[in-house]
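One structure is given here, and the rest of the page talks about it.
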Amino acid sequence: MIYQLDFWLMVILVLFAILALEVRDLLAAVGVLTGFSFLMALLFAKLGAPDVALTEAALGAGLTGVFLLLALVFVGRESED
Amino acid sequence: MKLFAIILIGILAGFVVWGTNDLPERGDPTSPASTGVSTYYIENAYTDSKTPNMVTAVLADYRGFDTFGEAVVVVAAGLSCLLILLRRRRREDGTEGGLFSQADAEKAARMAAGEGLYGDGT
Amino acid sequence: MMDLLLDNRALVAILVSALAAVAVALTGERRRNLRESWTVLAALAKFGIVFSMVPGVLAGERYEVNLLQISPGLELALKVDPAGILFALSASFLWILTSFYAFGYMRGGGEHKQTRFFAWLAVCLSATIGICFSANLLTFVLFYEILSVATYPLVIHAGSEKAYRIGRQYLVYAITAGIALVAGTVLIQNAAGTLDFVAGGFLEAEMGTGLLWAVFVCFFIGFGVKAGVMPIHSWLPNAMIAPTPVSALLHAVAVVKAGVFGFVRLVGYTFGPDLMGAIGAAAVLAVFAGGTILLASFIALTKDDLKARLAYSTVGHLSYIVLGVALLAPQAMLGAAFHMVTHAAMKITLFFCAGAIYIHTGKKKVSQLDGIGHQMPLTLTAFGVGAVGLAGVPLVGGFISKWYLAAGAIDAGALIFLGVLLVSGILNAAYLLPIVTRAFFRRSPDHVKLDEASALMTVPIALTMVLSIMLGVFPDAIFRFFSLSEAIVASVTGVTFGAMP
Amino acid sequence: MTADFLLSRYPYILIAVLFGIGLYGMTVKRNLMKKVIGMTIFQTSIYLFFIQGATKQGATIPVRVPEMGTSPELYINPLPQVIVLTAIVVGVAITGVALSLILVLHRRYGTLDEVELLRRMRESA
Amino acid sequence: MTSRFESVFLYVVARAMVPLIQVFAFYVITHGHYSPGGGFQGGVMLAASIILLRVSMGDESYDRFPREAGIVIAGFGALAFALLGFMSMLFGGNFLEYALAVPGMSADELRYWGIFFAEVFIGFLVWGALVAIYDALETGGVE
Amino acid sequence: MSQIPALIPTSLLLASLVALLVGLKSHRAAHLIALAGAVFAFVCSILGLQAVIQGDGEAIRYAMGAWVPPIGIEFVLDSLAAYMVTLITFIGVMVLIYAPRSLALETPGRQGMVYPSMTLVLAGLVGMCLTGDVFNLYVFLEIAALAAYALLAIGDRGAPVATLRYLLFGAVGGGFYLLGVAYLYFAAGTVNMADLSMRLPELMESRAVIVAAVLMVVGLGVKMALFPFHLWLPDVYTNAPSVSAGLIAPIMTKVSAYAIIRLFLDVFPPGFFTESLPIATTIGWVSAAGILFGSVLAVAQHDYRRMLAYSSVGQLGYIGLGIGLANPLGMIGGLLHILNHALMKGLLFMIGGAVRLRFGTTKIPEYVGVGRAMPWTMVAFTVGVLAMVGIPPTAGFFSKWYLLLGAADAGAWIWFAVIIASSLLSAIYFFRVVEMIYRDPETDSAVADHEPREAGEAPASMFWPITIMATAVMAVGIFNVLIVSALLERVVAPLGG
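The listed protein sequences correspond, in order, to chains A, B, C, D, E and F. Heads up: the first sequence begins at 1 in the numbering used here, then just goes up one per residue. Heads up: the second sequence begins at 1 in the numbering used here, then just goes up one per residue. Heads up: the third sequence begins at 1 in the numbering used here, then just goes up one per residue. Heads up: the fourth sequence begins at 1 in the numbering used here, then just goes up one per residue. Heads up: the fifth sequence begins at 1 in the numbering used here, then just goes up one per residue. Heads up: the sixth sequence begins at 1 in the numbering used here, then just goes up one per residue.
Below, the structure written as structure tokens:
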């Protein structure tokens, strides 16, 4: 099956998404989210959208992560849920 | 409450999946999306603008206005962040510096009580 | 220019007082003489304009003005017909007298915010005349709502917590009524596709009994509130907290009569007597009116506050008119139309007197009035005339209208309502005449000397008294009220009366 | 039917799951940062929907290769990619604004718990 | 505060990397026609380079890239894009109709350059705006 | 002339960009540029409106970049769009004239950034109205939303919290809309509205289209603050600066309502929203619930702005009812209410700002004596209140009139009753304020413990916009038939009748 890679990528994406939301440490959550975005970029590339993949990698995985981390500097990394 | 939200989201997700039933098969080259406008872009992108990358051609030319709008969104976001966060920034030597510090509260109060379009006689 | 004004007399009659309101508001408190001359000028002009249309209307002329389209297929339109001019004539004539009386009253009492008072009074008059001359329901609703809102500042004039509370109550009633009217109007527009008043009615039985009943209920609420039909009357006695000229003009002549006039329009010009009878709505209306007459009279008996007593008397007498309309008999309708005028004249006399007594002596309660007839003989004489008139004694206007009402009740075969009329006549006498006897035949606890209120108040009182008597002796003199009443009945039912009584 | 459906539609199901997870994060989580993270996941799932719907069997990326010519079935549909490109930038812009709001309100109220925040806001009003 | 992380290594590496990143970013922007990439991606890279500068050099970086510069660059980028759109209107075309922007050139050539300039402007704009957002966030909501 | 559809949004965008750059140095120059842009856009909209009316409702179509749709993006100036655009730019001009003094008080030191944001909001909303492309609509939606977040967040202390909630709601709404666009695109292969309306009739049974319609309507419904999704609205308007509230409350939610109407009338096949799917009816029911909910809660409020916010929830329901009735009269009522409510709410929020400037309060019990202190402003206020309650001949009466006619026509008696009940409720909560402002601490025994208010009419730059808006409220009421017959009757023609 040529779509097998897609499938496993997507499953991992779902796991990452759940993880990003359920981890209590916000720093870890942001890290997982960055990983999520990066995998997503990979999937985009796999699906034949290199432009989008590049953008997602740069913006989603890169800058969003930086912004979130920057915010964490001020608001702290604890979360109650 | 939490359970209720999860059930609702589950129903929504189910609904979304239900809708995909009538979407074309995955990767179907005869689907409406593949046979619609996109064929024009694929066929003519190079002849119209000598640009091999069709995404760029569509982005900057055919749907250039979308991109313009998007550019404005980015600027709007930058502007919004500045508006929300940047008011006064204290430099290390204690002087008021940085962006946008023309008016402080006192001046504002004067302006509110004053005359003219901007409250200071002008 | 002159032609334009003459052609649009109906509109000019409305605008005159609106302009006066603006002029009054701009002139302000400091130049009060100038301010008051605006009021007088407008009142005279308005009366003149309305009066000038009377002969034409009697001759069959209908002055029409189409202002502008306000909704596709619906015009803001004015049309002067007998019913309208009858009401407009009485209101505009009494405004003249009220104006003078109000000058005396307000100055005598040193009331605050007189500018606001006179301006809103003028606006109310505009709206009232607008109601009179409305050619269709939408225009009617428009002026009706303006009247509701414009009355509010007058009701809260006193500025006390109680006044505001009553003002709120008034607003809730008035807005409810207005919304009910709008709802009914929408139903009619939806079913009939037209809103123009037609003598004899324009609704058809084919529209379905359910819909017609819904329309009737909406309008019953809409007009019933203003007309003080029980059980939705309770704002009216409370609203007597307003200054007496307001009570006099608005709660005896303009505002409440607007509700009654609405019933005239409803029965005579929207449903039509036949349809009203066919669906049974008339009977319901008559029962409510009859009940109100009796109940209000009984309540009036128990009231010690003079204005409250008069207020309940008003509630009762308004229902006379509603009853007359609801009986559907031509004679009753004639009586009802004429009672609109006679009741206005008599009740305004009574209110004027009450106000004069209050301003002059500070007395508000019936029980305080012992022997006051010796102090203010003219005022109390006028009061007596009004009282006997309301009770239905001949030679005063009330007799004639009651006579026709009674005749109509017999005609309609509704003898129970004849009984209601008779009982209430007795009750009327029972709650009004003791005041007169008290005033003249009991000895006052204080020392009394002849001391009338100022001429600004007594002259209007005398004039309204004369008017009341004139209506009883020569019902058709000068103003041609009786002919107009006959014209109404003729246009609605087709029945003409030969000679006058 | 179910097996077939799953085989051909599994991306949609997984996308819907991602969509649901994102929404769950936005609605149920009380921490505002978590909400923003949920928002990112939610938006990304929509981008994925676009991209994966645009795939075309036997087609290559939408960059013209001179030897292949420009037959429509040879290239993947570029339009959804453009749409997603635009949407990604919009999404990041929203995230940026959301974060700046979070900073301000954290400075003012000292908490990121939504319920607590609303309570404090009402109290101080 | 000179830097968030007092590290000479970071300082040196970052300073060395910034120009490289910028060069690559310009390459990405200008080669949007031929390969994946374009204004957005390149602009993000430019922004990333500045952010790296900020992280590694702290306040010193404001001398190289002032705080105001972000929004100004963004504004001018967007303004230039808008004027590019208006340009063809002057010659009777529609908004963003590159083919009419300059009389006397062939349509496809013009569109090529139109796309090129649009990408460049977008690159600048994204650069500026993202740096502006970063700068704003970096203040942490001072009041 | 043919450039008008493009000129309206682009001139606003240009103005905002220039104002942004200039605003870094001088907020005055930014104000003047923003104002100039708005005035220019307003003039253009008037010209466009005139052209549309003279052209018998024939739409002016404009292809961006001269790419014929569906290849490129199309802007369509038809009767409905011209109507909305004129309204938006009018409100924009008024608020921009009004803004400086209020901003100096409420957001000191940030004015230079506020003006470009205001024009951006206007540009986004105008673009949403004009665009003929469902995805372009999303882009403009987000432009307007982003600028609006900033404008709303700089208000009182609680503003950021409220705005973040709005942002999250808005993101969900935008996401739903975008997902709907995706379904629509994959089902029909195009994102152009005109093209879609040609292709969709044969796809009416497609589940994908059904899901697309539901998602798009729900997404826009969230943005519109339709009843269950209204939760963000009250806090946002309560904490926002007067200028932002005066700009955003009148038009922002309306434009989302407009987008739903646009989808209903022009994109999806006739009958799709009414027969295939009960979307219109559902909107009607939730709107009815929203009307009651908003009106009842408005009665309980003591903060002027909060009361207006809840009133907005109710009033938006009227527009929803117009959609729900789905007959010509009801739809005319809904569309007319977009205009009326925009004028009335804008007027009332602006007056709230003027009172705040002079007396520093937004609490209704502290409004005592304001009527004496700023008489003409309060005359305008009274006009606004009368319109909100629906007293003829103000504007508010006529939208209710058409809605009631439409409800009677459709036999929707419960909705009929809801409209009537809410009129009464709005009378209760608005006349409360009227009573308060006309009380006079000097002569009124009931409120003698209040300090007398010093005389202080709103400054001219605030007074004149308020006056013009109040006049417009009256004029739209009296001359509504011109609007209805020249524009709206054409718009609702697809509904038959």
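Glycine included, C-beta positions come from ideal geometry on N, C-alpha and C. Just so we're clear, the structure is a prediction, and the values are computed from it rather than from any experiment.
Cβ pair residue i, residue j closer than 8 Å
| i | j | result |
| --- | --- | --- |
| F/Gly170 | F/Lys254 | no |
| F/Ser45 | F/Val85 | yes |
| E/Val102 | E/Leu110 | yes |
| B/Phe68 | E/Phe81 | yes |
| F/Met462 | F/Tyr98 | yes |
| F/Ala225 | F/Leu146 | no |
| C/Leu44 | C/Ile96 | yes |
| C/Leu433 | C/Ala391 | yes |
| C/Pro330 | C/Val495 | yes |
| F/Phe381 | F/Gly246 | no |
Where residue i falls: helix, strand or coil (DSSP)
| i | result |
| --- | --- |
| C/Val393 | coil |
| E/Ser35 | coil |
| C/Glu29 | coil |
| B/Thr51 | coil |
| F/Glu74 | strand |
| B/Leu99 | Because B/Leu99 sits at a pLDDT of 42, beneath the cut-off of 50, its placement in the model cannot be relied upon, and the following sentence gives the value as read from the coordinates. Coil. |
| C/Ser17 | helix |
| C/Tyr152 | helix |
| B/Arg90 | Interpretation of B/Arg90 is limited by its pLDDT of 41, a score under 50 that renders its predicted location unreliable; no figure is taken from the coordinates. |
| F/Ala257 | helix |
| E/Asn94 | coil |
| F/Thr274 | helix |
| D/Val63 | strand |
| C/Asp370 | coil |
| F/Thr89 | helix |
Per-residue contacts from residue i into chain F (C-beta, under 9 Å)
| i | result |
| --- | --- |
| C/Tyr269 | Under the 9 Å cutoff, chain F gives no residues; its nearest Cβ is about 20 Å from C/Tyr269. |
| D/Gln43 | Ala171, Gly174, Gly175 and Leu178 |
Partners in chain E for residue i, counting only beta-carbon separations shorter than 9 Å
| i | result |
| --- | --- |
| F/Met64 | Gly85, Asn94, Phe95, Leu96 and Glu97 |
Contacts that residue i makes with chain E (C-beta to C-beta distance below 8 Å)
| i | result |
| --- | --- |
| A/Gly62 | Val44 and Ala48 |
Neighbour list for residue i in chain B, Cβ cutoff strictly below 9 Å
| i | result |
| --- | --- |
| E/Pro36 | Asn53, Val55 and Thr56 |
Cross-chain neighbours of residue i in chain E, by beta carbon under 7 Å
| i | result |
| --- | --- |
| B/Asp61 | Tyr98, Arg111, Gly114 and Ile115 |
Any non-hydrogen atom of the ligand PLP within 7 Å of residue i CB
| i | result |
| --- | --- |
| C/Ala88 | No copy of the ligand PLP appears in this structure; indeed no ligand is present at all. |
Chain A contact residues for residue i, given Cβ-Cβ distances below 7 Å
| i | result |
| --- | --- |
| D/Gly96 | Phe67 |
Cross-chain neighbours of residue i in chain F, by beta carbon under 7 Å
| i | result |
| --- | --- |
| D/Ala93 | Leu146 |
Neighbour list for residue i in chain B, Cβ cutoff strictly below 7 Å
| i | result |
| --- | --- |
| E/Ile158 | Absent from the model: residue 158 of chain E. The displayed extent of chain E is 1 to 143, so no value can be given. |
May I ask you to list, following chain order, the residues of the segment 42 to 58 of chain B that have a beta carbon less than 8 Å from some beta carbon of chain E? Contacts with chain E (Cβ-Cβ distance below 8 Å) from the segment 42 to 58 of chain B involve Thr47, Asp48, Ser49, Lys50, Thr51, Pro52, Asn53, Val55, Thr56 and Ala57, listed in chain order.
What runs of the alpha helix (DSSP H), each 4 residues or longer, lie entirely inside the segment 37 to 112 of chain C? 82 to 109
Mind checking the segment 3 to 28 of chain F against chain E and listing, in chain order, the residues whose C-beta falls within less than 7 Å of any C-beta there? Residues passing the 7 Å Cβ filter: Gln3, Ala6, Thr10, Leu13, Leu14, Leu17, Val18, Leu20, Leu21 and Leu24.
With 7 Å as the C-beta to C-beta threshold (strictly closer), list the residues of the segment 72 to 90 of chain D near chain E in chain order. Contact residues of the segment 72 to 90 of chain D toward chain E are Leu85 and Val89 (C-beta to C-beta distance below 7 Å).
Quick one, which residues of the segment 62 to 79 of chain E are near chain F if we go by CB-CB under 9 Å, in chain order? Glu68, Ile71, Val72, Ala74, Gly75, Phe76, Ala78 and Leu79
Taking only runs of the alpha helix (DSSP H) that begin and end inside the segment 370 to 440 of chain F, which ones reach a length of at least 4 residues, in chain order? 370 to 373, 375 to 389, 395 to 410 and 413 to 437
Where in the segment 2 to 73 of chain F do unbroken runs of the beta strand (DSSP E), each at least 3 residues long, occur, reported from the N-terminal end onward? 60 to 63
Pull out every residue of the segment 38 to 55 of chain A whose Cβ sits closer than 8 Å to any Cβ of chain D, in chain order. Near chain D, meaning a CB-to-CB distance below 8 Å, the residues of the segment 38 to 55 of chain A are Met40, Leu43, Phe44, Leu47, Gly48, Ala49, Pro50, Asp51, Val52 and Thr55.
Enumerated in chain order, which unbroken segments of the alpha helix (DSSP H) with a length of 4 residues or greater are wholly contained in the segment 239 to 276 of chain C? 244 to 249 and 255 to 264
Interface residues of the segment 23 to 42 of chain B facing chain F [CB-CB below 8 Å]: Leu23, Pro24, Ser31, Pro32, Ala33, Ser34, Thr35, Gly36, Val37, Ser38, Tyr40 and Tyr41
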